[in-house]
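Set out below in C-alpha cells:
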C-alpha cells in the first residue's frame, strides 16, 4: 500500500518535472512550474525558507520521503534500478555508511555559502537531472515532436510545429552524456549508490532522518531473518541478520515492507519489539562487479546515435536563394545574463545550471556557458534570435532565484548590456549599400542612423548608439546583415541597471 | 518558377480539380439542373483549339501559348522529363507557340525548351525568344549579339519565329526605363542589328515586350513606320485592363495599350494573363462569386477567356508548371468561348473589388532574386497574399479568435520560410527595386509585412 502510493506520487512528480524540461510551449510551466521550486538546493539558493522548513519537517516526521518522491534524480535511479531488478532479483546487500559523504556535503554547502556555486553544482542532484533531461531527453522529445509536426504540416494542422534541434553547447552536451551514463550504470548496478555516497542533499536529510518520528522497524517476532528485505534495499540500508536499519540512508521506498512475506517490516512511530542492538561485523563485498547488460549498452548507443544526428537535422538552404552564412557569437568581455539576474555575481552564486531556463527560452537566446568559471550556467547570445522585450519566460521558471521574476514592464526598463558598433563589419561601409536594420528593429529607440562623415550629408549612414537607453536585448545584433560576425553586438553589464 | 509552387499548392490544385470533377460528374446525373455547355471535364478535345492568324506571316497561332518561365523543378534542376511530357501533351492538343528567354529558370529555360521541342518537327511550332541583355555587362554590342547567337544553339534552331526586345521600359540600377532602353538597344545599334537579322530571315517576326516607362513604348510605336513591329507583347488581364496604373503608378493600363496597338494593326501577345497566378487564387468572396456562375470552370479560366475575347490578341502566354495547369487552360481554349458583354462587366466589377484588398502585385517572376541578404522575397509576398485572400491576418487582440489565428499565422509563416529568409532581415538596401517589372516597392512592402508579423509576435 505504502509502496504503491510512493510509486504513484513519484511517477506523477517525475513526469511533471521532466516535462518542465521538455515542454517548449510553456503550457506545463503555467501549471506545474512550482514543482521545480520544491527542489532543495534551488530553494536554498532562492532563500525560500518556507520550502526548506517544510522539507525539514517532513523529513523529521516521516523520513527521506523527499528523496523518493520529489527528487527527480532519485526517482530516475529508482526507475533504472527497477529495470535491473527485473533481470536479477535480490541484488543488493547491506553496506556500512561511509563517513566521507558528510564531508562532501559539508564542502558542498560551504562552497554555496561562499558563492562558489559554479563549482558546487557538479554534484547537485536536481541540476544533474536537469542537464540530463535538457540535453538528452529534450532532443529526443523534440525529434518526436518534429515527426508529428511533419505530418501536421501535411494535414494542414497547427497542433504541432517544427522546432530546431541542435546542440546548444558541446561541452555541456558531452558532460550531460557522461552524467547520464554514470548515473544510469550506477543505478543499474548498485541501486542508489549516488544518493548514499555523493549526494549532499541526501547526506543533509540523512542527518535529520536518523531522528524521524515515523520509521521502519523490524518486528522481530515475525522476522525469520530470511534477508529478503536486505537484498531488495536499493539504499543498502538494511542489515537483516542483525535487524539494523541505517535510517540516514533509507529513503522510504517501502520495498522492504511490501517485499516481506511475513509482514515483519513495519512503518510506525515506535518499534513493537526491540531490534538487536549489537553491531555485527561489516562484511566486505567480494564479488558483484556488475556488468552492464547488453540491453543497456544498446539503448545507450542508440541514445548517443540519436543525439549525434542532431546537427544533420538542420535544414539546408534552397538553391535559388543566396547562401547565408550562419552567425557566430562574438567574444564578449562580460557575459550577458537575463533580465532579473540583478548582477553577474548574483546569477553565478545562485544558478544551479539545471538548464530549465535554457529549455524555456522561446527565442533560442540562452545556452549553457562553456567558460570554466561559469561552467554549465546559462548565458545569452543572439545568433538565433534576440531577447524579445515582451518575453519573461526564464524569470518565471528559475527555481533558484538566479533570475528573479520580472514583469514585462519591468523588463523593458532593465539594461542587461549595451550595444557596441564594429565599423569594419558595417554593411553601409563594407558593401556600400544603405542599411539601418539595427535602428529599425531597436525596441528602445536607442539607435539613430547618421552620416559617417559629419561634414558630408551624403556619406553612408552608420548607427549611432545611445548606450544610456539601450537595454541589451540584441535585436540589433540579431538582425544585422553582417555575417558571420555582426557589426553591432551586445556587451554584458556586470550589474543590471534601470534605464 | 516551378519549384516555388509548393507541394501544398500543388495538392490544392489537384484537390480542386478532383472536387470540380466530382461536381461535374454529380451534375451529369441530375438532368434537370445540368446546363448544356461545350466544356467537359472528361477528355480534352485534340482538334478544338482556337487559332488566330498573324496577318504579317499568315502564321496560324494557337490562342494558348506556352510560357517557358515557370518550368517544373526537381532537386533544384529543371525536371526535363516532365517538361518533355508537358510539351508533348501541349503539342498533341494544338498548342504551337512556345515562349522562352535566356534568363528564365536561372538561365536554363532555353536549353530545356530546345530539348523538348527538337523532338518535334520544326515547322509544327512557333518559337519565341528574347534579347534579355538586362545586366550592364551585356549592354555592349558584342555581348548582346553573342546572347542572340547563343539562343540559336541552345534552342537547336537556325531561325526564330518570334524575337523580342525583352522588357523594354524597365529601368535598371539607378537608370530610368528610358535611359536603360537607350543603353540596351539604341546606343549599341542593336535595334538596327535585329532589323538586319529579320531581313536575313533568321527572325520571322520582330517585336518587343513592354513593362513600365510609357515614353519607351510611345517612341517605339511612333517609329513604327521605320521599324515595322510584327507584334508587341504586353501585360494584360482583367485587373490590368483599367487598373495597371492603380497597382503601380509607373505601369500603363492594358486597355490603352491594346487599343493603341490595334489602331496600328499590330498583333498583341499577352503575358501575365493571370497576374502571376494571382487571378487563379482570388480572395474567397470574389472567387466564390465567379465559381457560382460556372461551377465546373476554374477561377483561372475567367482570366483566360477575358483576354481571349479580344480579337487582336494573337496568343495568350501561360507559364504552366503542372499538367493540371495545362489541362485547365486547354479546357478553356478548346475552343475559346468569348466573354459576353455582361461577363466582361462582371469581371470589371471583380477587378474593382480586387483592388480593395491590400494584395502585393508580385507575379513571382523571380527577377529580384537572389536577394544578396538572403530574403526570399516572392515567398514572403505569396505568404502575405495568401493570408489576405483567406482573411487570416488578425490585428485585434480583443477578437474571439485572436489567439488561435495568431498561432496559426506564426506557425504557418515559419513553415513557409526559414528564419533567415524572413522579412525582419530586409535591410532596405533597395538593390531589388530596379529589377521588379511590376515596380513594387519591395523593401517598403516587406516592411509592411514585418510590422504585421512583429505585432503578432509581441502579443503574447
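Chains as they are written, first to last, in the working numbering: chain U, 81 to 579; chain C, 198 to 657. Glycine is no exception: its CB is placed at the ideal position from the N, C-alpha and C atoms. These numbers come from a predicted model, not from an experiment.
Query, Result
"What are the boundary residues of the beta strand (DSSP E) that residue 501 of chain U is part of?", "494-501"
"Flag residue 492 of chain U as yes if its beta-carbon sits less than 9 Å from any beta-carbon of chain C, otherwise no.", "no"
"Taking only the alpha-carbon atoms, compute the straight-line gap between residue 495 of chain U and residue 488 of chain U and give it to the nearest angstrom.", "13 Å"
"Can you give me the C-alpha to C-alpha distance between residue 302 of chain U and residue 282 of chain U, rounded to a whole angstrom?", "31 Å"
"Give, in chain order, every residue of the region 506-518 of chain U whose Cβ lies closer than 7 Å to some Cβ of chain C.", "507, 513, 514, 515, 516 and 517"
"Along the chain, where does the beta strand (DSSP E) that runs through residue 348 of chain U open and close?", "345-348"
"Quick check: does the Cβ of residue 426 of chain C come within less than 8 Å of any heavy atom belonging to the ligand ATP?", "Although the ligand ATP was asked about, the structure shown includes no ligands whatsoever."
"Can you name the start and end residues of the alpha helix (DSSP H) that residue 338 of chain U belongs to?", "335-339"
"Applying a beta-carbon distance threshold of less than 8 Å, which residues of chain U neighbour residue 629 of chain C?", "Within 8 Å Cβ-Cβ: nothing; residue 629 of chain C doesn't reach chain U, min ~11 Å."
"Are there three or more Cβ pairs, one per stretch, closer than 8 Å when the region 270-288 of chain C is compared with the region 310-320 of chain C?", "yes"
"Name the chain U residues that come within less than 8 Å of residue 605 of chain C, Cβ to Cβ?", "238"
"Are residue 334 of chain U and residue 82 of chain U touching if we call contact CB-CB under 9 Å?", "yes"
"DSSP on residue 391 of chain C, reduced to helix/strand/coil?", "helix"
"Tell me whether residue 535 of chain U sits in a helix, a strand or coil according to DSSP, three-state version.", "coil"
"What are the partner residues of residue 325 of chain U, as DSSP defines its beta bridges?", "U/318"
"If you check the beta carbons only, do residue 633 of chain C and residue 568 of chain C fall under 9 Å apart?", "no"
"Look at residue 307 of chain U and residue 317 of chain U and say whether their C-beta atoms are less than 9 Å apart.", "no"
"Whole angstroms is fine: what's the gap from residue 242 of chain C's alpha carbon to residue 513 of chain C's?", "19 Å"
"Output, in chain order, the set of chain C residues within a Cβ distance shorter than 7 Å of residue 521 of chain U.", "621"
"Can you give me, in chain order, the residues of the region 237-265 of chain U that have a beta carbon less than 8 Å from any beta carbon in chain C?", "238, 241 and 242"
"To which residues of the same chain is residue 500 of chain C closer than 6 Å at the C-beta, ignoring the five residues directly before and after it?", "434, 470, 471 and 476"
"Could you have a look at residue 246 of chain U and say whether DSSP puts it in helix, strand or coil?", "coil"
"Quick check: the region 567-578 of chain U against the region 475-485 of chain U, are at least 3 beta-carbon pairs closer than 8 Å?", "no"
"If the cut is a Cβ gap below 9 Å, which residues of chain U does residue 536 of chain C touch?", "Those do not exist, as residue 536 of chain C stays about 35 Å from chain U at its closest Cβ, beyond 9 Å."
"Under a Cβ-count criterion, where at least 16 other Cβ atoms within 10 Å of its own Cβ denotes burial, should residue 567 of chain U be classed as buried or exposed?", "buried"
"Under 8 Å between beta-carbons, which chain C residues line up against residue 222 of chain U? List them in chain order, please.", "What residue 222 of chain U touches in chain C: nothing, since even the nearest Cβ is about 15 Å away."
"Do you know offhand how far residue 294 of chain U's Cα is from residue 190 of chain U's?", "30 Å"
"What residue from U/182, U/147 and U/198 has the CA that sits closest to residue 424 of chain U's CA?", "U/198"
"Short of 7 Å in beta carbon distance, which residues of its chain neighbour residue 613 of chain C, apart from the five on each side in sequence? Order them along the chain.", "576 and 580"
"What residues from chain U crowd round residue 611 of chain C, counting only those whose CB sits closer than 9 Å?", "241 and 242"
"Can you give me the C-alpha to C-alpha distance between residue 275 of chain U and residue 473 of chain U, rounded to a whole angstrom?", "32 Å"
"Is residue 155 of chain U near residue 119 of chain U, with beta carbons less than 9 Å apart?", "no"
"Do the region 347-354 of chain C and the region 299-311 of chain C meet, that is, are 3 or more Cβ pairs less than 8 Å apart?", "yes"
"Hey, how far is the Cα of residue 429 of chain U from the Cα of residue 450 of chain U?", "17 Å"
"Could you spell out where the beta strand (DSSP E) holding residue 646 of chain C opens and where it closes?", "Careful: residue 646 of chain C lies outside any beta strand (DSSP E), inside the alpha helix (DSSP H) at 639-655."
"Just mark residue 435 of chain U as buried or exposed, buried being the case when its beta carbon has 16 or more other beta carbons within 10 Å.", "buried"
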